[in-house]
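Q: Structure in structure tokens, see below.
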Amino acid sequence: MIREDLASSLLPYESDNHLNWITHIPGRPQNCGMDEVSICFAHSRNCFPLDNKDLTRMYFEGRDQATMLAEYIKKRVPGFENSFLTTTASLLGVRESRRIVGEYRLTAEDIAFCRKHDDVIAISNHGYDIHNFVETGNIKWAPIMLNGEVQYVISNSGGFGTTTPPPDGKPVVNAKGQTAEYAEFEPNRCYDIPYRCLVPVRVENLLVAGRNLSSDVYAQSGARLILCCLSMGEAAGAAVCVSIAQDISPRKIDVTALQKELIGTGCNLGQAMRHIKDFSGVSLGYEEAYPNPEHRSHAVTIQNRSNEFTRK
Ligand SMILES: Cc1cc2nc3c(=O)[nH]c(=O)nc-3n(C[C@H](O)[C@H](O)[C@H](O)COP(=O)(O)OP(=O)(O)OC[C@H]3O[C@@H](n4cnc5c(N)ncnc54)[C@H](O)[C@@H]3O)c2cc1C
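Sequential numbering of the sequence shown, starting at 2, is according to the numbering used here.
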């Protein structure tokens with residue numbers, strides 16, 4: 002539909018090649034599921050978010066696109082005939098800008114191979130999700146050396162939904178090199194965020210939590226998701242408490258003490274699914290992680306369905 006409407010100029014230009022998200026409007030939960038939706042469709046590209054000129058352009062583009070897309074949706078999306086634009090975000094959202102250089106740099110390979118780290122302070126299962134910098138679409142793969150050649154690896158079945166395909170007509174594959182028809186992903190796949198990603202190499206008494214963690218561009222695109230940022234923030238806050246209690250800089254704290262603190266307050270560091278080195282404090286077995294057998298079987302069913310889907 003978007004392609005047709007661009008050709009006929011009903012849609013003046015392409016802000017994205019797919020409708021991204023429809024959710025309730027932040028801060029208005031009372032209207033959730035009723036007559037208001039928030040649509041994430043506007044996009045600025047070719048941006049350098051540290052440049053004031055680009056930032057200003059992004060504000061103009063975003064507001065223009067909001068009006069343009071609201072009119073378009075009203076004309077073209079059934080059910081929206083009487084819709085109108087109620088509000089737009091007060092501030093610009095930027096998915097990526099500065100990243101700190103930390104004691105460890107999370108990499109595309111960490112995500113592809115679900116690498117585990119002894120100093121885990123958060124986990125995530127979100128795959129690569131780069132909003133294409135120069136043209137419309139999303140990049141859900143990373144170029145990784147696999148079996149002696151560069152392959153375009155996705156980290157979970159969501160990667161098959163890439164709207165920007167790899168170069169030269171190459172397929173996307175999973176970390177075992179399996180293409181869409183054969184790819185399977187084990188249940189409970191997740192990768193670790195090591196504490197070292199929050200600890201800057203050069204600045205003392207500073208922790209960095211969120212989308213500016215120490216990472217390469219591919220790893221950042223997975224780890225920048227809200228849940229993971231929240232977990233990193235929680236860990237940074239707890240690390241500061243440990244640092245004060247131990248009277249040493251956050252760089253030098255006993256990470257096992259931090260992990261104990263986090264798990265003790267209900268954080269999931271994947272402790273139910275693997276052994277964390279030097280950690281013998283509060284631990285949960287798989288059974289306790291899913292105390293309700295119905296939920297446990299649902300988790301398995303969902304994973305199997307996802308594997309079946311990828312083979313279609
Ligand atoms: C349009 C858009 C859609 C997204 N959709 C999703 C989604 O559907 N799901 C998902 O999981 N993630 C989504 N993300 C990603 C996610 O929202 C962000 O990566 C995440 O919120 C980043 O959290 P953060 O705490 O690192 O940074 P931010 O949320 O950017 O927080 C940084 C805060 O610091 C404040 N600040 C900046 N400078 C200063 C200063 N000098 N002094 C004081 N305060 C300052 C800012 O105002 C801001 O409040 C989306 C991002 C964007 C832009």
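All C-beta atoms in this analysis are idealised placements derived from N, C-alpha and C, irrespective of residue type, glycine included.
(1) Could you pull out every unbroken beta strand (DSSP E) segment of at least 3 residues lying fully inside the segment 124–207, listed in chain order?
(2) Looking at residue 130: is its Cβ nearer than 8 Å to the Cβ of residue 141?
(3) Terminal residues of the continuous beta strand (DSSP E) containing residue 108?
(4) Which residue comes first and which comes last in the alpha helix (DSSP H) that contains residue 57?
(5) Do you know how far the Cα of residue 274 is from the Cα of residue 295?
(6) For residue 208, is the beta carbon positioned less than 7 Å from some heavy atom of ligand 1?
(7) Based on the DSSP output, what are the partners of residue 23 in its beta bridges?
(8) Is there at least one non-hydrogen atom of ligand 1 closer than 7 Å to the beta-carbon of residue 41?
(9) How about residue 226: is its Cβ closer than 7 Å to a heavy atom in ligand 1?
(10) Enumerate in chain order the residues of its own chain whose CB-to-CB distance from residue 268 is below 7 Å, with the five nearest sequence positions on each side excluded.
(11) Within the present structure, is the beta-carbon of residue 211 separated from the nearest heavy atom of ligand 1 by less than 7 Å?
(12) Taking the C-alpha atoms as reference points, what is the distance between residue 3 and residue 77?
A: Taking the coordinates as given:
(1) 143–147, 150–154, 192–195
(2) yes
(3) Run containing residue 108: none; DSSP gives neither H nor E here.
(4) 53–77
(5) 18 Å
(6) no
(7) According to DSSP, which records beta bridges pairwise, residue 23 is partnered with 40.
(8) yes
(9) yes
(10) 232, 235
(11) Indeed, a heavy atom of ligand 1 lies less than 7 Å from the Cβ.
(12) Cα-Cα distance, rounded: 10 Å.
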